[in-house]
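Chains as they are written, first to last, in my numbering: chain A, 1 to 135; chain B, 1 to 135. For each residue, glycine too, the CB sits at the ideal point set by N, CA and C. Working notes for the structure below.
There are 2 protein chains.
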Amino acid sequence: MMNYSIILKEHDLKVTPQRLAIADIINVNGHVTIDFLYALMAKKFDSISLATIYKNINLMLKNSFIQEVSLPQVKNVYELTKASHSHLVCSKCLRVEDIDIDLDSSFKTVTKTTEFSIDSASLVFNGLCIDCKDN
Amino acid sequence: MMNYSIILKEHDLKVTPQRLAIADIINVNGHVTIDFLYALMAKKFDSISLATIYKNINLMLKNSFIQEVSLPQVKNVYELTKASHSHLVCSKCLRVEDIDIDLDSSFKTVTKTTEFSIDSASLVFNGLCIDCKDN
DNA sequence: CTGACTGCAAACGTTTTGCACGGTA
DNA sequence: TACCGTGCAAAACGTTTGCAGTCAG
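Given below as structure tokens:
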């Protein structure tokens, strides 16, 4: 159980019931789409607005409390900010999982063969998760 | 100079002036956004419609004449279908370049540490291109 | 000649904005 | 109390759809 109030404040975000709920939902579920988040928020708040979701997501992104994960073909998902990592996406159930992949040799290849100076890399694997691949 | 008519037909696409122009623009520029494509098409056709652009892009995607490249933070770009490869994106000028990166060891890591069966991978590097990094 | 393509306009889904009210610090 | 956050409604944006006329095969 995390203390979201402190983490929110550390990111210059005022603490509100809506923000605590958003933080909890993202933390518990790992990766959420806007739709998913809105559906869960609607259960906790009788009159939550999509505008509030978007405003908070955008502010949380700006303040690096969360990160946006853009995935080919499917909707963007949001996760709490953590160390750089890659993602596995199930093409069937759309589940997203984190995975650590060492990209050092790839970085070296880029440095050797191009003049690009790299800031970051995004690696996404598409396939079938353990639950979907046998069905 | 490519013969776009033959390639279009090979992908079950009827040959029209608009499609020839789209194929040429994508081939010459490497990677194009919808906006960029529309702007260039507007120069060649007095009354080109965005709907025509979208319909053709979607059909060309379906018939594997072109591929969609989804990039974090920036608009999707489209390229002629070619062998699997990775992309470099300049954060400043938004230029996109192709690069071949060997992902075999990454695939092995996924296979060893998870139960995912991987179909494909998408690797994007963000940074500054040679023209932008010194300015 | 027939079905497919084009262009226009309208519709659609998603995201953003403006404003009045209410809540946090 | 002063400012920020919320919720609603409207607007903005990108993309898709329906239709009538035109063109490719």
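Task: Cross-chain neighbours of Cys129(A) in chain B, by beta carbon under 9 angstroms - done: Thr114, Glu115, Phe116, Ser117
Task: Supposed contact pair Ile25(A) and Val32(A) - C-beta distance, whole angstroms, cut 8 angstroms - done: 6 angstroms
TODO: For Leu20(A), name the three-state secondary structure that DSSP assigns.
DONE: helix
TODO: Determine the closest residue to Cys93(B) out of Val74(B), Phe45(B), Thr81(B), with distance taken between C-alpha atoms.
DONE: Val74(B)
Open item on the list: For the structure I just gave you, are there three or more beta carbon pairs, one from the region 111 to 119 of chain B and one from the region 123 to 134 of chain A, closer than 8 angstroms?
Closed with: yes
TODO: Consider the Cβ of Ala83(A): report whether some Cβ of chain B lies at a distance smaller than 8 angstroms.
DONE: no
Task: Beta carbon proximity, Phe45(A) to chain B, threshold 8 angstroms - done: no
Task: Buried or exposed by the 16-neighbour rule on C-beta atoms within 10 Å, applied to Leu50(B) - done: exposed
- [ ] Select from Leu59(A), Gly30(A), Lys55(A), Gln18(A) the residue whose C-alpha is nearest the C-alpha of Ala42(A).
- [x] Gln18(A)
Task: C-alpha gap between Leu59(B) and Ser105(B), whole angstroms - done: 35 angstroms
- [ ] Classify Phe107(A) as helix, strand or coil using the three-state DSSP reduction.
- [x] helix
- [ ] Indicate the three-state DSSP secondary structure (helix, strand or coil) for Asp98(A) in the structure shown.
- [x] strand
Open item on the list: How far does the beta strand (DSSP E) with Ile66(A) in it extend, from its first residue to its last?
Closed with: 66 to 69
TODO: Check whether the Cβ of Thr111(A) lies closer than 8 angstroms to any Cβ atom in chain B.
DONE: no
- [ ] In angstroms with no decimal places, state the Cα-to-Cα distance between Glu79(A) and Asn29(A).
- [x] 9 angstroms
Open item on the list: Determine whether the beta carbon atoms of Phe165(A) and Thr81(A) lie at a separation below 8 angstroms.
Closed with: With chain A represented from 1 up to 135, any question about residue 165(A) goes unanswered, as that position is not in the structure.
TODO: Measure the Cβ-Cβ separation of Val110(B) and Ser86(B) and say whether it is below 8 angstroms.
DONE: no
TODO: Work out the CA separation of Asn3(B) and Tyr38(B) for me, nearest whole Å.
DONE: 22 angstroms
- [ ] Kindly list, in the order they appear in chain A, the residues whose Cβ is closer than 8 angstroms to that of Asn126(B).
- [x] Ile118, Asp119, Ser120, Ala121, Ser122
TODO: Quick one: list the residues of chain A neighbouring Lys133(B), beta-carbon separation under 7 angstroms, in chain order.
DONE: Ser117
Open item on the list: Suppose contacts are defined by Cβ-Cβ distances below 8 angstroms. Is Ser120(B) in contact with Asn126(A) by that definition?
Closed with: yes
- [ ] Taking the CB atoms as reference points, tell me whether Leu8(B) and Ala23(B) lie closer together than 8 angstroms.
- [x] yes
Open item on the list: Measuring straight from C-alpha to C-alpha, what distance separates Phe45(B) and Ile34(B)?
Closed with: 16 angstroms
Task: For Val15(A), the residue or residues it bridges with in DSSP - done: BP columns for Val15(A) are empty, so no partner.
Open item on the list: Is there a Cβ of chain A sitting closer than 8 angstroms to that of Leu88(B), yes or no?
Closed with: yes
- [ ] With DSSP as the reference, label Ile57(B) as helix, strand or coil.
- [x] helix
Task: Extent of the continuous beta strand (DSSP E) run through Glu79(B) - done: 77 to 80
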